[in-house]
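What follows is one structure encoded as structure tokens, with my remarks underneath.
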Amino acid sequence: MEDQKRVALVENEPYHPNSEDIAHKQISVPGIGIYHLILKQDTNSRYFVIKNIKQFARNNQFIVPMDHCDEFLAKLDEVFKFGDLYSSQASTMTVPKANGIVFTVSMYTDSSRYYFDVIDKDGLLNLKMSYVYDYQRENIIIDLASAVAFVEVIEMFQHDYPSHTVTDDLPTTRNRRFEKRKDYPINRPSLIDRKSAPPPKRLDEIHNVRNNFDDSAERKTTQTLKVCSNPGPCEFTDNEKKYMFEIVEGDNTFMRITEVFGGSKRSTLLINIECLKKFTNIIADMNEQFSAARSAKSTAKKP
842 MEDQKRVALV
852 ENEPYHPNSE
862 DIAHKQISVP
872 GIGIYHLILK
882 QDTNSRYFVI
892 KNIKQFARNN
902 QFIVPMDHCD
912 EFLAKLDEVF
922 KFGDLYSSQA
932 STMTVPKANG
942 IVFTVSMYTD
952 SSRYYFDVID
962 KDGLLNLKMS
972 YVYDYQRENI
982 IIDLASAVAF
992 VEVIEMFQHD
1002 YPSHTVTDDL
1012 PTTRNRRFEK
1022 RKDYPINRPS
1032 LIDRKSAPPP
1042 KRLDEIHNVR
1052 NNFDDSAERK
1062 TTQTLKVCSN
1072 PGPCEFTDNE
1082 KKYMFEIVEG
1092 DNTFMRITEV
1102 FGGSKRSTLL
1112 INIECLKKFT
1122 NIIADMNEQF
1132 SAARSAKSTA
1142 KKP
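Position 99, counted from 1, in the sequence shown is what my numbering calls 940; the numbers after and before it change by one each time, with no gaps.
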């Protein structure tokens, strides 16, 4: 400990006691990688870290302080809402979509910046989360559907271990030692000028979207889906989970099935209304086959 204090004094940085891990979850994203979500705390702060297991040796850290956790989850919710809207309109676009960023939101703390970019890659929506601090950048890229698993873990962290100081934001000096790594390129401000980029594109102009555009905090989607009042939304509850069924209208009409847990949306499924009968027929067939298999298994067990 004394050695750590001396190092901090030599580097003209405040000394921070070693943090302790108080929760640890692992998420495996097929075809992408394995991520560790670790909740940490020390005397002054509580925060969670996201690490890609393939990059563990580099000690890369995507850090989110717990006093900004609600805002972080709110940004992810904006991303999921856009994903629903974009998917509902994709089939009616007469001009082929261009690969690239189609939506972005951002959040800021005193020491860091976070960007949430939705990227259309050949019709598959991916989420690129960027954490920028001390002219460095850490990125996490996953498909939008898999991002729901991150939300579940982060919500659990927020519920069980909320901010205990209300000022958990990490001071910039905390991260400066990472700048001395020789194996990681440092992004200088001159390479990223987000404020001078052009304004966002509307969804009806999405085929002209640029790969780089302004992602200021004021950006908001200009279109929304309309939920039909007749028939009204239906729902049922299973333990602490709620399942909502809604008919929504955009350029097309869809059945939207949403799973809600603890007041937060977990996942959403959109089914074109024209395919709804096929969907229900498949569910009915699967139920019959499952019931028949269970019945046969039960009969086989009898002496």
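Don't be surprised by glycine CBs; every beta carbon is placed ideally from N, CA and C.
Model, not experiment: these values are computed from the prediction.
- When only Cα atoms are considered, I873 and D1010 end up about 29 Å apart.
- Taking every protein chain shown into account, the CB of I983 has 16 or more other CB atoms within 10 angstroms, so this residue is buried.
- Across the structure, S947 and P906 are spaced so that their CA atoms are roughly 15 Å apart.
- Looking at the backbone, the Cα of F991 and that of F913 are separated by about 11 Å.
- In this structure, the CA atom of S1136 is about 27 Å from the CA atom of T1078.
- Taking the C-beta atoms as reference points, L917 is found no nearer than 8 Å to F889.
- F1131 sits exposed, since fewer than 16 C-beta atoms from the chains shown fall within 10 Å of its C-beta.
- In its chain, beyond the 5 residues on either side, I863, A864, F889, F998 and Y1002 have a beta carbon closer than 6 Å to the beta carbon of L880.
- Contact check for S953 against Y974 passes: the beta carbons are separated by less than 8 Å.
- The continuous alpha helix (DSSP H) containing E993 extends over residues A988 to D1001.
- Cα atoms of Y976 and I904: separation of roughly 15 Å, rounded to the nearest angstrom.
- Just so you know, the alpha carbons of H1000 and E1090 end up roughly 34 Å apart.
- If the five residues before and after S987 are omitted, its C-beta is found closer than 6 Å to the C-beta atoms of V870, all from its own chain and listed in chain order.
- In terms of Cβ geometry, F1102 and K1082 form a close pair [threshold 8 Å].
- Between the alpha carbons of T1006 and H909 lies a gap of roughly 12 Å.
- Excluding residues up to 5 positions away in sequence, K866, I868 and L878 lie with their Cβ nearer than 8 Å to the Cβ of V994 in the same chain.
- N940 is a Cβ neighbour of K962, given a cutoff of 8 Å.
- The three-state reading of DSSP puts Y976 in coil, since its state is none of H, G, I, E or B.
- Burial is judged here by how many other beta carbons sit within 10 angstroms of a residue's own beta carbon; E979 has at least 16 and is buried.
- Rounded to the nearest whole angstrom, the CA to CA distance from A1141 to M1127 is 21 Å.
- Under the three-state reduction of DSSP output, E1081 falls in the coil class, being neither helix nor strand.
- In this structure, DSSP gives G941 an extended state, which the three-state scheme calls strand.
- Within a 10 Å sphere around the beta-carbon of G924 sit 16 or more other beta-carbons, which makes this residue buried.
- Residue pairing for F957: DSSP places it in a beta bridge opposite V946 and M970.
- Each residue's CA atom was taken as its position, placing V943 and K1138 some 50 Å apart.
- Membership of N859 in any beta strand (DSSP E) is not indicated, and neither H nor E is assigned to it by DSSP.
- Taking all protein chains shown into account, T1008 has fewer than 16 neighbouring C-beta atoms within 10 Å of its C-beta and is therefore exposed.
- Per the coordinates, the alpha-carbon of I875 lies some 33 Å from the alpha-carbon of F1120.
- N967 has its alpha-carbon roughly 29 Å from the corresponding atom of I1124.
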